[in-house]
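Here's the structure, in structure tokens; my notes come after.
Number of protein chains: 2
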Amino acid sequence: MQAEIISIGTELLLGKTVNTNTVYLSRILVSLGIDLFYHTTVGDNRTRLFTVLKRAMRRSDIVIATGGLGPTVDDITLEIIAQATQKKLNLNPVVLREIKKHFQDRQIPMPKANIRQALIPEGTRVLKNEVGTAPGLIIPCNEKKVLIALPGVPAEMEPMVQRDLSPYLAKNFSGNWVIVSRIIRITGLAESQVNQKVKDLLKSKPPLTVGIYAHTDNIELNITAKAESKSKAEKLIASLERKIHKRLKKYIYGTNQQTLEQIIAAVFSKKKMSLAVAESCTGGLISQRLTNISGSSKYFTLGIVAYSNQTKQSLLGIPAQTLTQYGAVSKEVAVLLAKNVRQLAKTDLGLGVTGIAGPTGTTKDKPVGLAHIALAAPRKILYQEFHFHGARAAVRQRASQAALDMLRRYFAKQI
Amino acid sequence: MQAEIISIGTELLLGKTVNTNTVYLSRILVSLGIDLFYHTTVGDNRTRLFTVLKRAMRRSDIVIATGGLGPTVDDITLEIIAQATQKKLNLNPVVLREIKKHFQDRQIPMPKANIRQALIPEGTRVLKNEVGTAPGLIIPCNEKKVLIALPGVPAEMEPMVQRDLSPYLAKNFSGNWVIVSRIIRITGLAESQVNQKVKDLLKSKPPLTVGIYAHTDNIELNITAKAESKSKAEKLIASLERKIHKRLKKYIYGTNQQTLEQIIAAVFSKKKMSLAVAESCTGGLISQRLTNISGSSKYFTLGIVAYSNQTKQSLLGIPAQTLTQYGAVSKEVAVLLAKNVRQLAKTDLGLGVTGIAGPTGTTKDKPVGLAHIALAAPRKILYQEFHFHGARAAVRQRASQAALDMLRRYFAKQI
Numbered sequence: 003m004q005a006e007i008i009s010i011g012t013e014l015l016l017g018k019t020v021n022t023n024t025v026y027l028s029r030i031l032v033s034l035g036i037d038l039f040y041h042t043t044v045g046d047n048r049t050r051l052f053t054v055l056k057r058a059m060r061r062s063d064i065v066i067a068t069g070g071l072g073p074t075v076d077d078i079t080l081e082i083i084a085q086a087t088q089k090k091l092n093l094n095p096v097v098l099r100e101i102k103k104h105f106q107d108r109q110i111p112m113p114k115a116n117i118r119q120a121l122i123p124e125g126t127r128v129l130k131n132e133v134g135t136a137p138g139l140i141i142p143c144n145e146k147k148v149l150i151a152l153p154g155v156p157a158e159m160e161p162m163v164q165r166d167l168s169p170y171l172a173k174n175f176s177g178n179w180v181i182v183s184r185i186i187r188i189t190g191l192a193e194s195q196v197n198q199k200v201k202d203l204l205k206s207k208p209p210l211t212v213g214i215y216a217h218t219d220n221i222e223l224n225i226t227a228k229a230e231s232k233s234k235a236e237k238l239i240a241s242l243e244r245k246i247h248k249r250l251k252k253y254i255y256g257t258n259q260q261t262l263e264q265i266i267a268a269v270f271s272k273k274k275m276s277l278a279v280a281e282s283c284t285g286g287l288i289s290q291r292l293t294n295i296s297g298s299s300k301y302f303t304l305g306i307v308a309y310s311n312q313t314k315q316s317l318l319g320i321p322a323q324t325l326t327q328y329g330a331v332s333k334e335v336a337v338l339l340a341k342n343v344r345q346l347a348k349t350d351l352g353l354g355v356t357g358i359a360g361p362t363g364t365t366k367d368k369p370v371g372l373a374h375i376a377l378a379a380p381r382k383i384l385y386q387e388f389h390f391h392g393a394r395a396a397v398r399q400r401a402s403q404a405a406l407d408m409l410r411r412y413f414a415k416q417i
Numbered sequence: 003m004q005a006e007i008i009s010i011g012t013e014l015l016l017g018k019t020v021n022t023n024t025v026y027l028s029r030i031l032v033s034l035g036i037d038l039f040y041h042t043t044v045g046d047n048r049t050r051l052f053t054v055l056k057r058a059m060r061r062s063d064i065v066i067a068t069g070g071l072g073p074t075v076d077d078i079t080l081e082i083i084a085q086a087t088q089k090k091l092n093l094n095p096v097v098l099r100e101i102k103k104h105f106q107d108r109q110i111p112m113p114k115a116n117i118r119q120a121l122i123p124e125g126t127r128v129l130k131n132e133v134g135t136a137p138g139l140i141i142p143c144n145e146k147k148v149l150i151a152l153p154g155v156p157a158e159m160e161p162m163v164q165r166d167l168s169p170y171l172a173k174n175f176s177g178n179w180v181i182v183s184r185i186i187r188i189t190g191l192a193e194s195q196v197n198q199k200v201k202d203l204l205k206s207k208p209p210l211t212v213g214i215y216a217h218t219d220n221i222e223l224n225i226t227a228k229a230e231s232k233s234k235a236e237k238l239i240a241s242l243e244r245k246i247h248k249r250l251k252k253y254i255y256g257t258n259q260q261t262l263e264q265i266i267a268a269v270f271s272k273k274k275m276s277l278a279v280a281e282s283c284t285g286g287l288i289s290q291r292l293t294n295i296s297g298s299s300k301y302f303t304l305g306i307v308a309y310s311n312q313t314k315q316s317l318l319g320i321p322a323q324t325l326t327q328y329g330a331v332s333k334e335v336a337v338l339l340a341k342n343v344r345q346l347a348k349t350d351l352g353l354g355v356t357g358i359a360g361p362t363g364t365t366k367d368k369p370v371g372l373a374h375i376a377l378a379a380p381r382k383i384l385y386q387e388f389h390f391h392g393a394r395a396a397v398r399q400r401a402s403q404a405a406l407d408m409l410r411r412y413f414a415k416q417i
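Taken in sequence, the protein lines are chains A and B. Under my numbering, think of the first position of the first sequence as 3, with each following residue one higher. Under my numbering, think of the first position of the second sequence as 3, with each following residue one higher.
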């Protein structure tokens with residue numbers, strides 16, 4: 003089964019709205035094992051919408067159109083669908099009653115324009131809109147093809163997809179197979195390095211495929227399996243996952259949507275240890291990420307953003323001489339930040355980060371992206387030097403990721 | 003002039019990534035007065051990408067393709083563009099040198115795979131990628147048409163659009179009229195409150211329109227004007243802007259893409275004052291936002307994330323009795339955080355924030371979203387209580403915005 007999505011609305015082409023509907027619908031289709039080959043966005047223009055609809059109906063089994071179902075003259079979806087499918091528009095009494103009720107409930111008289119929304123192509127199955135006035139439509143085009151129209155407002159569209167459309171597609175189009183996905187998250191390697199290690203796996207063909215995607219602070223390997231049952235698909239995934247783990251080992255920190263701060267939160271709550279952070283170039287980002295997690299106050303007691311040398315001296319006891327001799331961005335300062343914040347907060351662990359986020363503050367020996375990260379633990383000090391690339395925000399994000407990853411690896415004894 | 007955008011990448015069809023590139027590019031095209039008629043998203047599939055590219059080149063004058071320029075085997079854009087335009091791929095020595103330099107700068111050996119990124123269709127004008135390895139391409143197809151390929155990573159794509167592509171399009175393709183947009187940013191009011199105050203303006207018709215968009219921590223009013231010249235469009239905008247300023251006054255903090263931290267940075271560099279922050283519920287977010295700005299070390303000297311009562315006592319001198327009597331989330335503690343962090347860092351200003359970000363940590367009197375914010379200044383203390391709605395991340399974002407806004411208003415004497 004092949005599907006495609008058509009988003010209708012000039013506001014999308016003007017860049018006024020981010021198209022989140024396609025993301026939502028794509029995920030629904032993936033979960034049903036329906037292949038999605040195209041997204042097309044087209045404005046509120048009769049000729050172009052007609053052409054796009056006709057092409058979609060030729061090449062796809064399921065065409066989902068969103069938007070353009072409102073009451074204004076700009077909203078032409080119903081009219082063009084009727085033309086493209088050669089179906090008559092009839093006033094649907096059930097839909098009209100629902101629209102009238104919508105306004106009665108709000109004690110507003112129904113504007114005349116809204117009557118248009120009840121003009122529905124013949125043979126349509128109507129999906130109730132519990133939030134607004136535009137109904138959803140399932141329009142069978144022949145024994146095998148279907149055209150679906152949904153309102154463009156996510157709060158109106160999503161409930162009817164969940165309640166009606168998704169079960170309808172599962173029953174009629176989902177086929178006998180299931181798609182399962184699993185993301186492996188990797189940090190500490192560049193995309194090209196990961197690519198090098200799993201090059202052969204990236205060439206895998208369906209039913210088992212792997213894709214590689216680079217984010218600012220992590221690389222994802224996305225495994226997708228297609229099988230007759232969920233358990234078979236999961237077995238396929240597990241086999242590939244084992245291979246990936248063997249090759250990337252300690253660089254793997256999580257799966258699916260897991261973040262490093264979540265992983266760390268889980269470890270801390272098991273180990274009953276505590277943490278303090280002294281950060282410079284990351285400017286509070288590490289503290290902010292740690293405290294993204296509700297309940298982090300149980301292990302994270304203190305974060306210090308030591309942005310000036312004076313603070314580094316007075317509050318964190320970095321000797322003036324160390325700052326002069328090695329500079330604020332140095333191994334020596336990172337180690338002292340970690341040791342001293344640990345002492346100051348009386349925690350089990352102390353994390354110290356100093357670096358150059360750029361674009362200002364560089365020197366000849368100390369380019370943008372240089373970072374020194376240290377972790378002071380009860381009986382040892384871990385330390386590493388990094389060179390991150392990218393603009394200020396990327397350097398800060400990558401440095402915070404490396405610092406949290408040092409913490410994760412300390413617990414996993416993988417340093 | 004007609005343009006269209008093609009987004010390339012299976013991850014987009016799988017709903018893994020929200021397509022923000024099209025929004026960015028659409029806005030650029032709008033600002034240049036170039037009509038955009040289609041967005042198409044297609045996966046990493048040779049046949050489908052070829053067909054989509056060919057169709058786009060037939061019907062549009064400007065085709066912008068994003069994505070698929072990476073070094074992996076999935077990345078097929080260069081190859082298919084060469085086929086569709088019937089141009090040879092040549093190893094471009096300038097591009098290859100840039101890619102090699104990228105890896106040298108990071109002290110990583112260049113993986114062999116990256117050589118592919120230097121295979122460029124003949125006759126191409128190359129756009130330098132200052133962040134990553136994939137260059138942008140401007141490929142003239144005949145005297146009137148052009149095919150443009152850009153990397154899919156926004157941080158790589160946006161700088162080259164700003165620096166090179168936008169001026170190129172303006173020079174070669176911009177029509178006879180100009181569209182100018184201006185965003186007015188508002189904080190401290192709900193969307194419905196802003197709506198109430200500018201209801202009549204929201205009904206304005208072209209050539210001068212206003213849209214309202216709500217973000218987590220600010221409301222934007224987006225004014226768009228269309229005219230024969232930039233100066234005429236700007237005059238139209240200025241007239242409407244004056245009306246909006248009269249109605250929303252102190253709630254307006256900036257224009258276009260300005261952030262509160264940028265506004266504050268500008269004031270601090272004028273006033274030569276300094277700032278320290280003690281934050282609890284925002285967990286480092288305020289420090290992180292302040293230090294988003296390069297050069298913020300000149301005024302921001304210390305941030306303390308006091309996540310435990312013990313730290314509040316030992317480091318920030320909040321008496322145990324105050325914590326017991328009023329609780330950590332109280333006016334009294336917010337004021338002491340502000341006063342004491344100011345003293346500790348010897349700065350001109352001290353900001354103190356305490357609150358409940360949720361979902362845990364609430365009590366009967368202290369619901370999720372409660373926040374106390376105080377600003378200690380040389381001769382006075384400002385204080386306000388807030389009730390934010392939303393989940394943890396939204397509450398934290400809104401609290402950080404309110405704290406920074408208190409700072410802005412202090413300088414503008416608008417409290």
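From the three backbone atoms N, C-alpha and C, an ideal C-beta is built for every residue, glycine too. A quick note: this is a predicted structure, and the numbers were derived from the prediction, not measured.
Return the residue from the list the options that minimises the CA-CA distance to residue i.
| i | options | result |
| --- | --- | --- |
| G371/B | Q264/B, R127/B and A404/B | A404/B |
| D46/B | A229/B, R57/B, L262/B and G11/B | G11/B |
| P169/A | A67/A, L31/A and S310/A | L31/A |
| L292/A | A267/A, I214/A, I110/A and A414/A | A267/A |
| N131/A | K146/A, P156/A and I141/A | P156/A |
| G360/B | T257/B, K89/B and S282/B | S282/B |
| D219/A | A235/A, T189/A, K245/A and E236/A | T189/A |
| K251/A | K415/A, L71/A and Q4/A | K415/A |
| K237/B | T365/B, S183/B, V343/B and I8/B | S183/B |
| R29/A | L14/A, A5/A, T19/A and L16/A | A5/A |
| N224/A | R57/A, H41/A and S206/A | S206/A |
| Q264/A | L409/A, A58/A, S233/A and K348/A | L409/A |
| N342/A | D367/A, P380/A, K368/A and T365/A | P380/A |
| L34/B | T42/B, M3/B and L14/B | M3/B |
| L317/B | V331/A, A347/A and S332/A | A347/A |
Per DSSP, what kind of secondary structure is residue i in: helix, strand or coil?
| i | result |
| --- | --- |
| T24/B | helix |
| E158/B | helix |
| V148/A | strand |
| I417/A | coil |
| L406/B | helix |
| T19/A | coil |
| V212/A | strand |
| E230/A | coil |
| L34/A | coil |
| A5/B | strand |
| A172/A | helix |
| N220/B | coil |
Can you name the residues that DSSP bridges to residue i?
| i | result |
| --- | --- |
| V44/A | I10/A and Y40/B |
| D184/A | It is worth fixing the name first, because residue 184/A is Arg in this sequence and not Asp. Paired residues: I225/A. |
| L2/A | Past the boundaries of the shown model lies residue 2/A; chain A is included only from 3 to 417, so the question cannot be answered. |
| A376/B | G354/B and Y385/B |
**Study point:** Length at least 3, wholly inside the segment 57-145 of chain B: the beta strand (DSSP E) runs in chain order
**Key:** Runs of beta strand (DSSP E) with 3 or more residues, each lying fully within the segment 57-145 of chain B, are found at 64-68, 91-93, 121-123, 127-129 and 138-142, listed in chain order.
Practice item. Give a yes or no on contact between the segment 275-284 of chain B and the segment 303-312 of chain B, applying the rule of three or more CB pairs nearer than 8 Å. Key: They touch, by the three-pair rule.
Exercise for review: Assess, as a yes-or-no matter, whether the segment 78-90 of chain A is touched by the segment 38-54 of chain A under the definition of 3 or more beta carbon pairs within less than 8 Å.
Suggested key: Segments in contact, yes.
Review point. Taking three-plus beta-carbon pairs below 8 Å as touching, is the segment 324-338 of chain B in contact with the segment 290-298 of chain B?
Key: No, the segment 324-338 of chain B does not touch the segment 290-298 of chain B.
Check your understanding: Can you give, in chain order, each stretch of the beta strand (DSSP E) that sits fully within the segment 244-275 of chain A and has at least 3 residues?
Key -> Counting whole runs of 3 or more residues, the segment 244-275 of chain A contains the beta strand (DSSP E) stretches 254-257.
**Study point:** Segments assigned alpha helix (DSSP H), at least 4 residues, entirely inside the segment 272-357 of chain B
**Key:** Correct list: 287-292, 311-316, 322-328 and 333-347.
Point to revise | Stretch pair the segment 237-246 of chain B + the segment 161-181 of chain B: three plus CB contacts closer than 8 Å | key: Put simply, the segment 237-246 of chain B does not touch the segment 161-181 of chain B. Fewer than three CB pairs are less than 8 Å apart.
Review point. Counting Cβ pairs, one atom from each stretch, are 3 or more of them under 8 Å apart for the segment 397-411 of chain A and the segment 376-388 of chain A?
Key: These segments touch.
Exercise for review: Would you be able to state if there are at least three C-beta pairs under 8 Å between the segment 190-205 of chain A and the segment 62-77 of chain A?
Suggested key: Using a Cβ-Cβ distance cut-off of 8 Å, the segment 62-77 of chain A and the segment 190-205 of chain A are not in contact, since fewer than three pairs of beta carbons, one from each stretch, lie closer than that value.
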